[in-house]
Structures are given as structure tokens and as C-alpha cells.
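So the sequences go chain by chain: P, G and Y.
Under numbering that gives the first Met the number 0, the residue at position 524 of the first sequence is numbered 523, and the numbers go up by one with no gaps.
Under numbering that gives the first Met the number 0, the residue at position 158 of the second sequence is numbered 157, and the numbers go up by one with no gaps.
Under numbering that gives the first Met the number 0, the residue at position 113 of the third sequence is numbered 112, and the numbers go up by one with no gaps.
No residue lacks a Cβ here, since even glycine has one placed at the ideal position from N, Cα and C.
These numbers were taken from a predicted model, which means no experiment stands behind them.
Step one of this worksheet: look at the structure below.
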Amino acid sequence: MTTGKTGAPHDRVDGRAKVTGQARYAGEFTAPDLVHGFVVTSAIARGKIVRIDAAEALALPGVLQVYTHENAPRLAWRDRSWRDMVAPGGSPLRPLHDAEVQFSGQPIALVVAESFELAREAAGLVKVDYEAAPHETRLAEVEAEAHEPARGKKGYTPPPKPRGRADEALAAAPVRVEATYEHPPLHHNPMEPHATTVIVEADGSLTIHDKTQGVTNSRDYVCKVFGLASDQVRVVTPFVGGGFGSGLRPQYQLFLAVLAARELRRSVRVVLSRQQMFTIGYRPWTRQRVALGAERDGRLRALIHEAVGNTSRFEDYCENVVPWSGVLYECPNTRLEYGVAALDLYTPIDARAPGAVTGLWALESAIDELADALDIDPLALRLKNYAEEDQDHRRPFSSKALRDCYREGAARFGWHRRSLAARSMREGALQIGWAMATGIWEAQQAPSQAKALLTADCRLHVASASGEIGPGTYTIMSQIAAEQLGLPLAAVRFELGDTALPPAMIQGGSATASSVGSAVLAVCRALQHSLLKLAQTMPDSPFGGRALEDVEFVDRSLRLCSGVAPAVPIAAIMRHAGLGSIAEQTTAIPDLARQSRYTSNAHSAVFVEVAVDEALGTVTVRRVVSAVAGGRILNPKTARSQILGGVVWGIGMALEEHSMLDHGLGRFVNHNLGEYHVPVHADVPAIDVVFVEERDDVVNPLGVKGLGEIGIVGVAAAIANAVFHATGRRIRELPITLDKLL
Amino acid sequence: MNRFGYTRAGDVAEAVHAAAGDDAAQFIAGGTNLVDLMKERIAAPSRLIDITRLPLRAVKSLPDGGLEIGALVSNSDVAYHPEVASRYPLLSQAILAGASPQLRNMASTGGNLLQRTRCYYFYDAALPCNKRAPGSGCPARDGVNRIHAILGASEHCIAVHPSDMCVALAALAATVHVTGPAGARAIEFAEFHRLPGDAPERDTTLQPGELVTAVALPREGFAAHSTYLKVRDRHSYAFALVSVAVGLRMVDGTIAEARLALGGVAHKPWRDPTAEALLRGQRPDDALFAAVGEHLVRDARGCGHNDFKIALVRRAVVRALQQAVAGGPRA
Amino acid sequence: MLPGMGDDTCAITLKVNGSTLRLQVAPWTTLLDLLRERLGLTGSKKGCDHGQCGACTVLVDGVRINSCLSLAVMRDGASVTTIEGLAEGDALHPLQQSFIEHDAFQCGYCTPGQLCSAVGLIAEGHAHSEDDIRELMSGNLCRCGAYPNIVAAIGQAMRPRRDA
């Protein structure tokens, strides 16, 4: 059996569990005393509940209780107790807190019954009378009142100060483009609806299976809100059926399930219906203006990017929409602005590549518009303005293989065969468009811990309270650990998703491989160190005076890299030391002193071919090449899948997805998967993923940049650009549904 | 779902008898729409009469050369039935353009006829809707109406019928056979579904307690020159924004007979004999096809978001007629 | 009698993954809820509960259907195969093996439905190209976007049959 390695295309270690139906998700844990909660949500967007009548629901045999603001216990009163790790500034939603309704779909009651069917039926019998107040859900109406977001959201960086004089430079530029781009609110819709199962243990403590991207976040939230000690609450979530950001913050079903379990002293499960998945956070509705000024040879002289995204009235959700525009292209005069405007909707939440997806949709559309105005090949224009350093922070990139992405992507796509003019490629009734766009995402690392237990039979158990929302965390962590200790992959078990384990960063922002991977690496290095020390005490040890750099772990053995002495089995080292096992626990902390001297980003170049039916307006994506510079690739197989997923999301965003608001009602109305269109099999063509070589020893000890986000960034712009190339029609409001092309 | 009684019927008489006198009882076969509606409390039957064991699963040739499809034949079995696929390819195409394989495996022929609209507001029990709660109002008219009707709508309702199969059946001029407390009768397809008028809660002309037992296809299936063109928001598994079913009988390069029905535009599959008459006796020609498209939307009215459907119908009709003349969708 | 559901339940017999079960079910219990809540077979997933995602796909008498829209009581006498019944002991079904090899899933939540649907698809015999597979698998959404790998996995599992 060979040593597990990073860089090799391993099958997922949790694959068998997933293809046999054994992988268990939050709403699938159970207990003998389990009862079921079903949420009642508000029908109005703003106002007050004047009467809530649960009598008919309570009269059904088997209905245990209906919780409303009238009978829910009073809990923590400070906002900060309700603020989770990644909450934006403001006052978080407190479900069932009072009679006030702040958005349509707000949870206003929880019906608890002996069975799911009964709880759902009883929920329909709860009668609510409202006193409605005027609401506003139109972004255009509040855009002028946009404000700087309140502080507090982790990872948010206000736009950099202007460089040069962008407005003057724009006015003076020989070639200018200026346009407004918009996309609607978009709901994540992971396949697994949000769900929480709270199991009340014999000692009264709670074991909670919550659909979350951060078990620690859920645990801390529950402890703060309900005033519980951290040893009274354990959150265990071994599998998450897709997150994409929707599980970054605790969703209201967690609160409601815990509330009911504590009141009833019974285990409770609350699962949101698909309709209710449209009552939680979403990618915010955003309007952006981009203005570019250039010399006739294509050199950028001015870049202005202004964006306004929606938030709720009670929190300032914010994201990094515009900073990318100052980093991606060399331009002496830039002005980047961002604000948020409050609507009577729930607070948005990070959605796959938050901010970058939005900003790059506008920027990369505008660059394409400029290329068209200049009559220059869009790829050539991008190369002409290629940024060699981060001008906003005046620092180098720790690595940037974007040029290789452009080159490799173009070669795979056959870009040189493209004809420059729009409407110049055709196949019968179909107009063909070829276009491209650039993607960018920030490489990040956050502190994380891991522990490891190596037993004398050479089995290694590594654990960290990270998550598995689908990227392949179990697999790559096992690979890292196996490689470090020279073990076959099957000898390693990686455990995650449990607050009883050492804490890890929340799973988001493409930072799990970087952060938790570094912790796994560190804890395995600690094991290596212990083993080397023990080996040095063996009689005639070849390792005397040797450091870790001089040795390697291969085939369950320790040996000198020079190979001059025979390898010593790990089992023999432990036997000699009289140890049945060795345990280590380590925290990996980013080397901020070094990292802060550089800007670290992942990049991509996305090439797309579309076919547009000229008469009917239907758009078909026929092929996609995504060339990615994402640092070191730990597992090419799972890495490719992450990019595929990003591209599919990009197709959805560009052509299909749209959470439609009825402004009269202030409510999302297409709240189901029949009418909120996400891509289906038939929408998705062959997708060619290329990882270009990129070495980076600054970002983290593994040299990885993370792949969860980069695959989607730029895709919507690439498709919109391709639609332009096909039809000569520039669509600046997503999604590009056929009505916009008729 | 509400609490309801459950009865399993063994034959048609038993089923009809079980439903008699209880207007709130409903027949159930595939369940793909009814169970869905019951979960949202949009349908709340007092009793479900399970008709899946009734002997209505045959596809058989009729003495007049037509074909009778039993009400319980699944959509998949109809679509892939060799007689249907060869003689009525329009019907096969329409069925396969709808829903998903799983749903087509479950859904019955009779049930497909009785599908209810996919209007957002009808499906959201928290909102007013004249079809769901008569007299409560129609928020779609001034709301989000991208998928709504441009033809035959009323001030009370602008919902559209969601079926693809029914558009083909309208073009084929099928007959619906039903049995009820008053006995058996046959309903011309064009008369089976109704326009909303002031009673949008009623989708069909079925009388209380009547059970669909079969759909009969006439002898002419337009196999050589037919097509089903479906225009939708994604490439599969989406309801039609506009669909066109066309059947032509061509004699020496001239259109001897034409059938044309539209889906996604009205409360029922939209068939306009005056548009068909424009084609009869003519040689195929794009200008003629455009005139037919124009004629079909002469009374069309949009509500805002769905205005595009008027232009889309014009274009889809031309494309569908071109395809039909050429022999079919892939020709 | 089901807890809290009154006494109006019906006796049915179901063969589930080869085992014959005699059950009392309320008429409003869907096949999906029966499998997940009563029988502990949580492999079949609830993604939408409205037949709009395919995560609940199971095989009833060998035919793929959406179990969320099927009332259990109406399946009296039927044979149901769920994801838990595809493998024979430790030996995975060829499609399961192919899904692993092609990395045809990420979060895994749609996977049981995709697999049962693919078993049904192959049995139906109407898919003759990758485009056919795409069209005839479109009733199974995958939000992680594993579609290209799913199509490849099914294509591989079909190949020996086609060559035969």
C-alpha cells in the first residue's frame, strides 16, 4: 500500500458513505423522544402582529405547543448576545421576540407536534392578524440613501482611498465606456434545506445537529442567546448538504429548535421547507456603475466603480464588491465606492464568492465593452493592463499566475480562431458568441486547531471542528496527514464537525484547506518531531543529531532523506519507547507579519461559447474553459469538482437565477425550485478545468489558495460578454432570460 | 395535509359511487400535482379515492382508426408507446418536453388534464388568489406576471394552464371520455378546459363526481409534419413560457389541413380555428407563417412582465410551422 | 396507530430493499416520510418536498419516481428500492462505484436521488448519448454542480451494456 499524497487525484474518503446513503445530515439524527417543529412565517413585509390565534392548531391531538412572541421566554437582551461570529453590524433578528414584523417570511411562530405531518398541518391553522405598515423593497427607491455599512462584519474591508483623479482622467480619456450593471437577489438554495435536530441528553445538556458551516459558531450562538455554559451544548454536524454561505450564520431554525427543546424538555427537530429557504439570507440585490477611460492603444487611464447593495433595516450586510477593481488592472486613476441601502427584506448573507462575484460581473463586462469600443481583442486588452503589483496597497503579489491562466485557457479554448466583431459567427438560426472574463478571489488563512492521535499499529486519527459542505475536506485533510507520516490514506481517519474537537475557522471564503490544512500539517509535524526524538533514543539510531529536515516518513517508516541508513518502522519506534499512542494538539496561526507584506489572490480566466437562438432569444452555454491559478492543488479530482460547481453557479447567475420580488407585497414570490431556476443537467455542457502551476510560500505553509469561490467569479460576465459577441446586444441586468433578447 | 379519508376503488363504478354526494372528495392517481397542493393546504379533500387499481391502463386501437389511451396510462408509457411515437409524434414530443422522467413515470393521462396552474400566487397560501380563494383578489395582475396569460384572461385571473401534453391533445383534437353519477359522456378537447371568466376556481367543464376514463385520439396524427416547440427559461424541467403544437397534412407541397395550439399563454391550451384556416390550401411560406402568428396574438394583452410573450408567440409560431413543414423538431 | 394522528390508519404491505414489511400508515404519509421518519432510511432525501428537485427519487417496482409526491398508502403491495438497497452487501452497485471514481458528487445530498434516478434511466433504455443522459437526468438537481461528472459516471456505467 502506498503512502497517501497531496497533489494526487484521490477518490473521496467519504465517497462510500455518500453513495450508499449512510452519510447523515442535520435533519436525519433522531432520538426516542423526538418531536417536530414547523415554522409559521409572516405574510406581510412590515408592521405588527395584532392577534395570533393558535387555538385551532392546539386543538389537534398530538400538537404539543405553539410558540409565538406571546409565550416565548425572554432571553438575552443585548444585541451582542445575538451576534454570531460573522454577523454584520446592527441588531440581529430575534425570532418570536415581539409583535414587530420586519420582513415578509419572518418566523412568527413554531408549532411543535408529535409528527412532521401534523406540525405542518397545524402550522397552517395558526391565524394571524396584522397591522401593516408601508414597506419598501425597491432598490432604486433607496439607492440615493445608501450609506457606509456599520462596522463589525468580519472580512469586510472598506474600499481603498481614490488614487489619482479618476473623474478628471475619465473626462480627458480619448475612449470612454460607462454603464450600470445589476443583478437581483439570489437565494443559495443548497439541496439540503436548513435543519436542526436538538437532542436533549439525560443530564439535560443539548446535542445539536445543525446545518451550519461552523459548529463552533452555532454552539457559541446558542450559549450566548440561551445563557448556557459551553459544556452544556455540543454541536455535531459531520455532513452538510451544501452551504455556499447560507450556513455561515445560524439560521432561525436553530434558535427555534433549541427554544422548543428547552421549554418542552424533549428532543426537537425543525426543518425549513423549500419555500422557507427563501426567507433566509441571499446574495444582495446590487446595482453598480463602472466607468472606464482609456488611451486609444487600450491603456487604462481612469477606473470608477461604484456599487450599492441592499441590506435589511436592522443589520448592515456588506461585502467586498469594488476593491478588486483597484487590484486587477494597472490604472493610475481609480475611485471605488461602496454603500448599502436598507430595504424591508431579511439581511443578505455571504453567497459563494461574496462581493467578488458581484464586482467582477460589472468590471469584466465593462472591460469587454471597452475592448469593443477600442476594437481590440478583449484578452489582449486585459494583458495590456495586467497589474504587476497591488497599486492600492503598494505591495507585491505573493504569486500571480494569471498570465498563465490567460495563455492556457486561450489555447484550450482555441481563442485565436475567434472573429473580433460581434454578430460575426453563426450556425443556421444560431448566433455564436465567444468571450472571456477574469476571476479573482482573496487567499486567506485564519487560525485553526487540530489534534492527532497516532497509535502503535500506525493508524492516525486527526480531528478539527471544521466542516464538510462538499469541497472534500475529509479527503484532503486525510491526504495531508497521510503524506506527513508516510501512511496509506486508509490508515488515516479525519474527524470534523464537532464542537468537542479543537476549534477551526468557520468553513467559508475558500479558506478551509489553507487554515485547517495548515493546522493538520502542524499537528502532524508535531508528531513527526516526537517520533524523531523517540527514534533518536533507539540503540544505534541513525537519526542522532538529525533535524526534521533531514528525515522523511515513507511507507510507515522514518528514514534519512539521504537514504544512507535503513528505514525504521514507526511501529518499532513506538514499541521501543513503550508507547501505545502519541497524541498532539496544535494551533496553526497565520504568519501575519510576512503575509501582510504581500497581496495574495487566486485568479482565473474563463472562456465561454454560447449559442443564441436569434428568433427565440434562448441562450445555450456550449462549452466553458476555466483556467485557474489557485496555488498548490492538493487533490486534482476534488479541486476540479469545486471549479465545475463554481462554473455551474455562474451559468445559473448569468442566465436563470432570480429571486423575484412582488413589491406590492414586499415578498419573494417564486419561492420554489420549480420557478426559481437553478441549472439542470441539460443546461450544463462539458467544462474544461485547467490548473496552472503556481507556487506560493507566503499564503500558508501548504501553498494553497482555496478553490471554493474562484470557480464562479467572472463566469457571469464571460457569458454576458459571449451573448454580446453572439448578438451585438449588451445585457446589463441579470439574469439574461430570453425576453431580454427578443 | 388535512386529515382525509382514503378509499381504494376497484372499478370505475365503485370509484364514481364513492365520490357521489361528496363534493369535497377527490380522485387520486399519480398524485404529482394533488399531493403537492395538499401539502400547501391548497387542496383539502375530505376523502381521496385511489383509482390506481382501476382497469384504465390500456392503449388500444379504435374502430375508426383512432387510438384510445386509458386514463391511468402513465405519461412515460404514452410518450414511448410505439403506436403513439409513430402515429402521433407530436404527442410524444409534448409529453417528453414536460416535467421530469420521474414525474412522467408517476403522472397519469387523466391527471395531466387536471393539472392546476403554476401561478406563484395560487401556490402561496398566505396570499390572495381568486382561483384558490374565490373573491380574494388577483395579485398577479399588478404583481410578478412574467409567466402569466396574454390571451383569454379575465380581470379575476391571469393564470395559465401548465400542461404540455394538453397542448398536443388540443392540436390533435382529442376527445376526453368521462364517467360520472349521470353516466358516461365524451367531451371535445377544446371544451374540456375553460377560460377563467368570473369563476377561475374552475379549470375544466367536468361536473362534480366525474372521472376521466380515457382520451381518444382521432385517426389523423399528422405524423409526417408535426412538431412541439417549447420555449422556456432553462433547457429542461421548466414550464413553458410559450409552446406551440403544430400538425400539418401536406398534399403536393400544399397545406391541406393545419392544426395549431399554443401553451403557456392562456388558462387553457389555446386553439384558434381561424388561424388554422389561414394555412389551409396555402403553400408554406415564412410570410404566411408570420401572418398566422400575428393573427394568433391579435387580441393578446400583456400585464407588464409578460408582454414579451406576444412577440415570442409570433416568432415561435413561425419556427414551429417551419419545423412541421420540414417534418419535425430535428429536421 | 401513529402518534398524534388518530386511528384512521391503513394496513399496507411494502417490500423495501428486499424485506417485506407490514405497516400501519396514515393516508397523508408520503412514501418519503415513511422511509425517512418511520423506517430510518434517511438515504432518500427531502430537498423540496414538491417534486421539483429529485433528491427523493426511489425505485418502485423498478421504476424511478419522486417519493415525496407518492402517498405510502397507495403503494400497498409494491416493491421499493432505495439508495440503501442498491449495493449487494459490501459490493457497491456499478453506478455507485462509478460515481466515486468520477467524483460525481460533492456535498452528497442529491446523490442518492441521482443514483436511483440513474438506475431507472438505464433500465428505461432511452438514453443513447451524453445529451440524452443530460435531458433524462434533468429531474435531479445538483446545487454543487457535479453535473459533468455525473454524466460521465452514468456514461461509464452504461457502456458495458451498450457494447454487449
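At a cut-off of 9 Å between beta carbons, G:ASP35 contacts chain Y. Counting the other CB atoms within 10 Å of its CB gives G:LYS38 a total of 16 or more, which places it among the buried residues.
P:ARG282 has its alpha-carbon roughly 7 Å from the corresponding atom of P:PRO353. Using a Cβ distance threshold of 9 Å, P:THR5 and P:ASN699 do not count as a contacting pair. Residue environment analysis places P:VAL691 among the buried positions, since at least 16 neighbouring C-beta atoms fall within 10 angstroms of its C-beta. Within chain Y, GLY144 have C-beta atoms less than 8 Å from the C-beta of P:TRP648, given in sequence order.
Rounded to whole angstroms, the Cβ separation of P:GLY432 and P:PHE667 is 31 Å, and the two are not in contact under 8 Å. The C-beta separation of P:ARG268 from P:GLY36 comes to about 7 Å, placing the pair in contact by the 8 Å criterion. Residue pairing by DSSP puts P:LYS126 in a beta bridge opposite P:ASP52. A buried status is given to Y:CYS109, since no fewer than 16 other beta-carbon atoms sit within 10 Å of its beta-carbon.
Using a C-beta cut-off of 8 Å, the stretch 61–77 of chain G makes contact with the stretch 96–113 of chain G, since at least three inter-stretch Cβ pairs fall below that distance. With a beta-carbon spacing of about 7 Å, P:ASN216 and P:VAL85 fall inside the 8 Å limit used to define contacts. Remark: C-beta atoms of G:HIS155 and G:GLY196 approach each other more closely than 9 Å. For the set G:ALA237, G:PRO217, G:VAL241, the Cα lying nearest the Cα of G:TYR227 is the one of G:VAL241. Scanning P:GLY579, P:ARG265, P:ASN720, P:LYS399 for the CA closest to the CA of P:PRO377 turns up P:ASN720.
Classified as exposed, P:CYS560 has fewer than 16 neighbouring CB atoms from the shown chains inside 10 Å of its CB. Of all C-beta pairs linking the stretch 166–181 of chain P to the stretch 285–296 of chain P, three or more are shorter than 8 Å, placing the two stretches in contact.
From the beta-carbon of P:GLY123, the residues of chain G found nearer than 8 Å are ARG40, ALA124. If you draw a straight line from the Cα of P:ARG137 to the Cα of P:LEU664, it is about 11 Å long.
DSSP, read as helix, strand or coil, puts Y:CYS9 in strand. By the Cβ test, the stretch 682–690 of chain P is not in contact with the stretch 56–72 of chain Y, since fewer than three Cβ pairs between them sit closer than 8 Å. In terms of Cβ geometry, P:PRO395 and P:TYR597 form a close pair [threshold 9 Å]. For P:ALA139 and P:ARG300, the gap between their C-alpha atoms comes out near 30 Å. Taking 7 Å as the Cβ-Cβ cut-off, the stretch 57–85 of chain Y approaches chain G at VAL62, ARG63, ILE64, ASN65, LEU68, SER69, LEU70, VAL72, MET73, given in chain order. Taking 8 Å as the upper bound for CB-CB distance, P:PHE225 and P:VAL257 are in contact here, some 6 Å apart. Restricting attention to G:TYR5, G:LEU278, G:ARG201, G:GLU67, the CA atom closest to the CA of G:PRO217 is found in G:GLU67. Contact between P:HIS186 and P:PHE277 holds, with the beta-carbon distance rounding to 5 Å and staying under 8 Å. Taking 8 Å as the upper bound for CB-CB distance, P:LEU500 and P:ALA480 are not in contact here, some 14 Å apart. Going by beta carbons, P:GLN430 and P:VAL623 fall outside the 9 Å limit. For P:ASN216, the secondary structure class from DSSP, reduced to helix, strand or coil, is helix. Our two residues, P:GLY471 and Y:ARG37, have alpha carbons roughly 31 Å apart in a direct line. Exclusion of the five residues before and after P:ALA122 leaves PHE37, VAL38, VAL39, ALA56, ALA108, VAL110 as the residues of its chain whose Cβ lies within less than 8 Å of its Cβ. The Cβ neighbour count for P:SER245, taken over all protein chains shown within 10 Å, is at least 16; the residue is labelled buried. Close to chain P, meaning a Cβ-Cβ distance shorter than 8 Å, are the following residues of the stretch 97–127 of chain G: ARG117, TYR119, TYR120, TYR122, ASP123, ALA124, ALA125, LEU126. In this structure, G:LEU168 places its C-beta atom within 9 Å of the C-beta atom of G:PHE188.
Setting aside the 5 residues that flank it on each side, Y:LEU68 is surrounded in the same chain by GLY50, each with a C-beta closer than 6 Å to its C-beta; the list follows chain order.
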